[in-house]
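Have a look at the structure below before the remarks.
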DNA sequence: AACCAAAGAGTAAACGATTACTCAAATATC
DNA sequence: GATATTTGAGTAATCGTTTACTCTTTGGTT
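Protein chains in written order, with the numbering used here: chain A, 4 to 334; chain B, 4 to 334.
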């Protein structure tokens, strides 16, 4: 608890060499004999010496840590991405500062100041706010974005949301739906706009006329989504035979509203969600949804960031990851 | 992207004072006039100067960062604790290294070496492995544990798992159950042992005889829990009229097994879970469960750690947080 | 044999903050 | 008015690494 930590000069004294040599041995920079290496490493292991990263960072401007800014770490979807990022960077000695922004610009700014002060080598920014257009100026270091409009940034990793929207809508059409209600996150973040695009394209391809009144805005919130659908059912003025919700939380809200009004799913009404969170798998009936490869998202983003941190100029890179339809009980 | 970061000497030059004065102004350590302060702060703000934490850490041995070791960040329960920890420490300028150990000792050790090298000021360790008995020697810094056996550590935050187990069992008894199957995580981590204690105490209090064959071991895994219950139902040799699962994931597995075998819940069979993850709320019927106050767990652990980091000797402290019964559709 | 290159290792100056000393000027105390 | 204290501020060492130089020894080339 209190014994002072051992430093390079201690090791140097014991090995009877200079700190320069210790440093060269530890960093495998050559200019030392095999015998010296052996002697040094033995002492290093014997005392469990760990280099002081603050000193190293001060000297080299590399901190071996990165920041990940995430809208909500309690959300399984983001948790999976964070985990995958961590798995990818850990073997290279990197640690990650996780910064939950709560989608609040003030908190986000605080987090960013903190980690900039701490000399992070780079940042992975997972978009969750609508207004991230000018976030870039906050950083004077490599950043990789997840789920951000590619036109606004150079290094972006994202799912093929448009194709996902298409797949979801197509599945509903193939199941016989002709009037598909689109339950949409009203913040209209970039991924949602893309999913909407896919919804339109599917209508086009199958020659099904679109109807503005079938497009309903709600929030990611379960409750509001449920109540929105409930209200529509009670008013009885809008006819629809399928629902595409732009995420699973809202899909679940819709499902429960339908069940409360004794609309049988999937017999009378089909439903498709998006994201594939475990809720959609474990509810009853399990919800057909579009699966995003969170593992790959984290891994690709992390690898791209590491490459940018290590190696000079990496060409602008926009990584689009495939999604797939996960057919379950609601279609 | 490339302009060098501004340092204290730059500020000092511009304000025409020494770095010592800048330092004193920034740390509000006295020994400077109001005029000097104003002049310095104007320049600091004008250039958006942020101190270099690596240098500061090297000199002062305080890094303003802590590590949180967590068994699985994709699990909503742990995500909530992490978020609460972050919220608590952010106003004090701290950032948190989140380390997902995957309950794997090797990975955990790697993480710990990394963050020790990075001079974290303290660690919050959320137990998830069975064998954390001798983890302490890895740290030469303040640690606060969550969900660890209090006899093994000085600073522990935990829910009142025993009372939770009691409440769950009592609820089943009051709903008329007399033969309550205990579906238990076979790793028998400390919290699970406590919940089991509560299960026993409730039987005792209500004078209901316990039956060893009603205690069934499974894993946290949804699938195995489901298949375990399925098998028992198929064998038809064991009679029971209620299930207490030591966590919600297993409770959900049990629920689906029961439904598959056309056992009506809650009419023919009652069910109670533990943790209150959103899955238990949004399945059908929603599962009665024991709610843990994750918000408080994170907050109390973080506050305790900060106190230990800042102030000399904090008396040994074992914080026990209340739980409550969340009655829903399965009882 | 004379010259040169390479290998092995040391010296000391950074990196950007903090802080124990020092010191002059201003103010307080009697 | 002489002395003591407080105030405001500077000097320089320090934290633990890395690395550009330097230097000596060894071995290779012709």
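For every residue, glycine included, the Cβ atom is placed at its ideal position computed from N, Cα and C.
For residue 98 of chain A and residue 100 of chain B, believed in contact at Cβ under 8 Å, the rounded distance:
About 5 Å separates the two Cβ atoms, so the contact holds.
Just the Cα atoms here: how many angstroms apart are residue 145 of chain B and residue 68 of chain B?
When rounded, the distance between both Cα atoms is 12 Å.
Secondary structure of residue 164 of chain A, DSSP reduced to three states
The answer is helix: DSSP assigns residue 164 of chain A an H, G or I state.
Cα-Cα separation between residue 253 of chain B and residue 79 of chain B, rounded to whole angstroms:
Cα atoms of residue 253 of chain B and residue 79 of chain B: separation of roughly 15 Å, rounded to the nearest angstrom.
Looking at the secondary structure, which residues open and close the beta strand (DSSP E) in which residue 187 of chain B lies?
In the DSSP annotation of this structure, the continuous segment of the beta strand (DSSP E) that includes residue 187 of chain B starts and ends at 183–188.
Please confirm whether residue 278 of chain A has its beta-carbon closer than 8 Å to some beta-carbon of chain B.
No, no contact with chain B.
At a Cβ threshold of 8 Å, is residue 3 of chain A touching chain B?
Residue numbering for chain A in the displayed model covers 4 to 334; residue 3 of chain A lies beyond these limits and cannot be assessed.
Specify the secondary structure class of residue 96 of chain B as computed by DSSP and reduced to three states.
The three-state reading of DSSP puts residue 96 of chain B in coil, since its state is none of H, G, I, E or B.
Taking Cβ-Cβ distances below 8 Å as the criterion, which residues of the region 278–298 of chain B are in contact with chain A?
Contacts with chain A (Cβ-Cβ distance below 8 Å) from the region 278–298 of chain B involve 281, 282, 285, 286, 287, listed in chain order.
By DSSP, does residue 323 of chain A sit in helix, in strand, or in coil?
If DSSP states are grouped into helix, strand and coil, residue 323 of chain A belongs with the strands.
According to DSSP, is residue 76 of chain A helix, strand or coil?
Residue 76 of chain A: coil per DSSP, three-state reduction.
Which residue from B:327, B:177, B:120 puts its Cα closest to that of residue 143 of chain B?
Of the candidates B:327, B:177, B:120, the residue whose Cα lies closest to the Cα of residue 143 of chain B is B:120.
Cα-Cα separation between residue 56 of chain A and residue 312 of chain B, rounded to whole angstroms
Taking the CA atoms as reference points, residue 56 of chain A sits about 20 Å from residue 312 of chain B.
Contacting positions in the region 53–65 of chain A - beta carbon closer than 8 Å to chain B
Those would be 53, 54, 55, 56, 57, 58, 60, 61, in chain order.
So, helix, strand or coil for residue 357 of chain B, using DSSP?
The displayed coordinates of chain B run from 4 to 334. Any statement about residue 357 of chain B would go beyond what the structure contains.
For the beta strand (DSSP E) holding residue 3 of chain A, just list the boundary residues, first then last.
The structure shown does not extend to residue 3 of chain A, since chain A is modelled only from 4 through 334, so no value can be given for it.
Any alpha helix (DSSP H) of 4 or more consecutive residues that is wholly inside the region 219–299 of chain A:
Complete alpha helix (DSSP H) runs here, min 4: 225–238, 251–263, 281–285.
Residue 81 of chain B in three-state terms, based on DSSP
Three-state DSSP puts residue 81 of chain B in a helix.
Cutoff 8 Å: residue 193 of chain B Cβ touching any chain A Cβ
So, not an interface residue.
Assuming residue 87 of chain A and residue 234 of chain A are in contact, meaning their beta carbons sit under 8 Å apart, how far apart are those beta carbons, in whole angstroms?
That belief does not hold up - the Cβ atoms of residue 87 of chain A and residue 234 of chain A are roughly 39 Å apart, past 8 Å.
Run the CB neighbour count on residue 263 of chain A, radius 10 Å, all protein chains shown included, and call it buried at 16 or more, exposed below.
Residue 263 of chain A comes out exposed.
Start-to-end residues for the alpha helix (DSSP H) that takes in residue 43 of chain B:
For residue 43 of chain B, the enclosing alpha helix (DSSP H) begins and ends at 37–50.
Buried or exposed for residue 5 of chain A, please, with buried defined as at least 16 other CB atoms from any protein chain shown within 10 angstroms of its CB.
Caution applies to residue 5 of chain A, whose pLDDT of 47 falls short of 50 and renders its modelled position unreliable; the model cannot decide the point.
Are residue 166 of chain B and residue 148 of chain B touching if we call contact CB-CB under 8 Å?
No, these two residues do not count as a Cβ contact at 8 Å.
Tell me residue 328 of chain B's beta-bridge partners as DSSP assigns them.
Answer is B:293.
What is the DSSP secondary structure of residue 127 of chain A, counted as helix, strand or coil?
Secondary structure at residue 127 of chain A: strand, using DSSP grouped into helix, strand and coil.
Alpha carbon to alpha carbon, what distance is there between residue 82 of chain B and residue 198 of chain A?
About 27 Å.
Tell me which residue opens and which closes the alpha helix (DSSP H) that residue 148 of chain B is part of.
No alpha helix (DSSP H) holds residue 148 of chain B; the beta strand (DSSP E) holding it covers 146–149.
Bridge partners - residue 69 of chain A, DSSP secondary structure assignment
Bridge partners of residue 69 of chain A: A:99, A:125.
Rounded to whole angstroms, what's the CA-CA distance from residue 289 of chain A to residue 77 of chain A? Just pull it up for me.
Residue 289 of chain A and residue 77 of chain A: Cα-Cα distance of roughly 22 Å.
Measuring alpha carbon to alpha carbon, tell me which residue in A:168, A:84, A:89, A:70 is nearest residue 248 of chain A.
Per the Cα distances, A:168.
Just by C-beta distance, which residues in the region 78–92 of chain A are closer than 7 Å to chain B?
Those residues of the region 78–92 of chain A placed with their C-beta closer than 7 Å to a C-beta in chain B are 79, 82, 83, 85, 86, 89, ordered along the chain.
Excluding five sequence neighbours on each side, which residues of the same chain lie with their C-beta closer than 7 Å to the C-beta of residue 180 of chain B?
So the list reads 244, 245, 273, once near-sequence residues are dropped.
Per-residue contacts from residue 100 of chain B into chain A (C-beta, under 9 Å):
Within chain A, the residues placing a beta-carbon under 9 Å from that of residue 100 of chain B are 68, 98, 99, 100, 101, ordered along the chain.
Using three-state DSSP, classify residue 158 of chain A as helix, strand or coil.
Correct three-state label for residue 158 of chain A: strand.
Could you have a look at residue 302 of chain B and say whether DSSP puts it in helix, strand or coil?
Note: residue 302 of chain B maps to helix in three-state DSSP.
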